[in-house]
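Taken in order, these protein sequences are the chains called V and F.
If you use my numbering, the first sequence closes out at 111, no skipped numbers anywhere.
If you use my numbering, the second sequence closes out at 114, no skipped numbers anywhere.
Don't be surprised by glycine CBs; every beta carbon is placed ideally from N, CA and C.
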Amino acid sequence: EPEVTQTPSHQVTQMGQEVILRCVPISNHLYFYWYRQILGQKVEFLVSFYNNEISEKSEIFDDQFSVERPDGSNFTLKIRSTKLEDSAMYFCASSGRGIQYFGPGTRLLVL
Amino acid sequence: RKEVEQDPGPFNVPEGATVAFNCTYSNSASQSFFWYRQDCRKEPKLLMSVYSSGNEDGRFTAQLNRASQYISLLIRDSKLSDSATYLCVVNIRPVGNQGGKLIFGQGTELSVKP
């Protein structure tokens, strides 16, 4: 069964550093998403991406965040200058025209 | 008002019990509805979509009431393996955006005991 994959599974970084989180969506899906979940809180939408451009983004997705589909398979989330409050689990998801399927997540810890 | 509201629980039930989860949503533009399941520190996994006509998948029954903006999930004959957090989720799709975004509730924690 096809699945969304994410790397790395864990990332520890210093405040102010740039991080890139990587995702490989399900191969025939056209819509890609990033969500985050701060420990103990609900899953929150960050951004959706379709046809090589952002479809929608939340208030959380400020100028420090960017997304890219650098090739035919990868979908990345970049945080330019990490803050302590960026510590969270980051989930990538993809969908065809309906159900969104989630990757296993990257746990980001900013020190 | 929260966009998707659930009782956080925890619900502690014995094996074999029937348990019901309720959820309300505030955005009438919500277009599709789901229950996801999340195990500790793992990704959300789709349990089932929810339709106005009601739908059943084995021991699980989901119901949607659009008029009252209410979603429910019933688990019958609960198993130890049902222990997880159950997430009520709505999809809001702006016009022209087939993908949309998922809005999650806080989740209801279920613990099934032997």
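Put Asp57 of chain F into one of helix, strand or coil per three-state DSSP. Residue numbering aside, residue 57 of chain F sits at position 57 when the second sequence is read from its first letter. Looking at Asp57 of chain F - three-state DSSP - the assignment turns out to be strand.
Assuming Ile103 of chain F and Val89 of chain F form a contact by the criterion Cβ under 8 Å, report the distance between their Cβ atoms to the nearest whole angstrom. Taking the second sequence and counting its residues from 1, the one referred to as residue 103 of chain F is at position 103. Taking the second sequence and counting its residues from 1, the one referred to as residue 89 of chain F is at position 89. Sure, about 7 Å apart at Cβ, within 8 Å.
Assuming Ser95 of chain V and His29 of chain V make a contact with CB atoms under 8 Å, what is their CB distance in whole Å? Taking the first sequence and counting its residues from 1, one reaches residue 95 of chain V at position 95. Taking the first sequence and counting its residues from 1, one reaches residue 29 of chain V at position 29. Contact between Ser95 of chain V and His29 of chain V holds: CB atoms are separated by about 6 Å, below the 8 Å threshold.
With 8 Å as the threshold, decide whether the Cβ of Gln11 of chain V is near any Cβ in chain B. Looking for chain B here will not work: the only protein chains present are V and F.
One or two residues paired with Thr85 of chain F in a DSSP bridge: The residue you call residue 85 of chain F lines up with position 85 of the second sequence. Answer is F:Gln38 and F:Glu109.
Which residues in the same chain have their Cβ closer than 6 Å to the Cβ of Glu56 of chain V, if we skip the five residues on either side of it in sequence? Translated into positions along the first sequence, residue 56 of chain V becomes position 56. Taken in chain order, the residues that qualify are Ser48.
Mapping DSSP to helix, strand and coil, what is Tyr85 of chain V? Translated into the one-based positions of the first sequence, residue 85 of chain V becomes position 85. First, the amino acid is wrong: residue 85 of chain V is Glu here, not Tyr. Helix.
Listing by chain order, which chain F residues have their CB less than 8 Å from the CB of Tyr90 of chain V? Here residue 90 of chain V corresponds to residue number 90 of the first sequence, with the count starting at 1. Residues of chain F passing the Cβ test: none, with the nearest at roughly 11 Å.
Compute the Euclidean distance between the alpha carbons of Leu87 of chain F and Trp35 of chain F, then round it to the nearest angstrom. Position 87 of the second sequence holds residue 87 of chain F. Position 35 of the second sequence holds residue 35 of chain F. Near 6 Å, if we compare the C-alpha coordinates of Trp35 of chain F and Leu87 of chain F.
Of the residues V:Pro2, V:Val19 and V:Gln14, which one's Cα is nearest the Cα of Asn8 of chain V? Position 8 of the first sequence, counted from the first residue, corresponds to residue 8 of chain V. In the sequence on display, residue 8 of chain V carries Pro and not Asn. With distances taken between Cα atoms, Pro8 of chain V lies closest to V:Val19.
Nonlocal neighbours in the same chain, by C-beta distance under 8 Å from Gly16 of chain F, ignoring five residues either side: What you label residue 16 of chain F is simply residue 16 of the second sequence in a count that begins at 1. Excluding positions up to five away in sequence, the list reads Asp77 and Ser78.
Residue-level contact to chain V via CB, Gln31 of chain F, 8 Å cutoff: As a working note, residue 31 of chain F is residue 31 in the second sequence. Chain V contact via Cβ: absent.
Identify which residue in V:Arg80, V:Asp71, V:Lys78 and V:Asp62 has its Cα closest to the Cα of Ser27 of chain V. For the purposes of this step, residue 27 of chain V is taken as the residue at position 27 of the first sequence. Residue V:Asp71 is the option with its Cα nearest to Ser27 of chain V.
Of the listed residues V:Glu53, V:Asn52 and V:Phe32, nearest to Phe45 of chain V (C-alpha basis): By one-based count along the first sequence, residue 45 of chain V stands at place 45. Answer by Cα proximity: V:Phe32.
Start and end of the beta strand (DSSP E) containing Thr24 of chain F? As a position in the second sequence, residue 24 of chain F is number 24, starting the count at 1. Taken as a continuous stretch (DSSP letters only), the beta strand (DSSP E) holding Thr24 of chain F covers Val19 to Tyr25.
Any heavy atom of the ligand ATP closer than 7 Å to the beta-carbon of Ile103 of chain F? Of the ligands one can find in the structure shown there are none, so the ligand ATP has no counterpart to examine.
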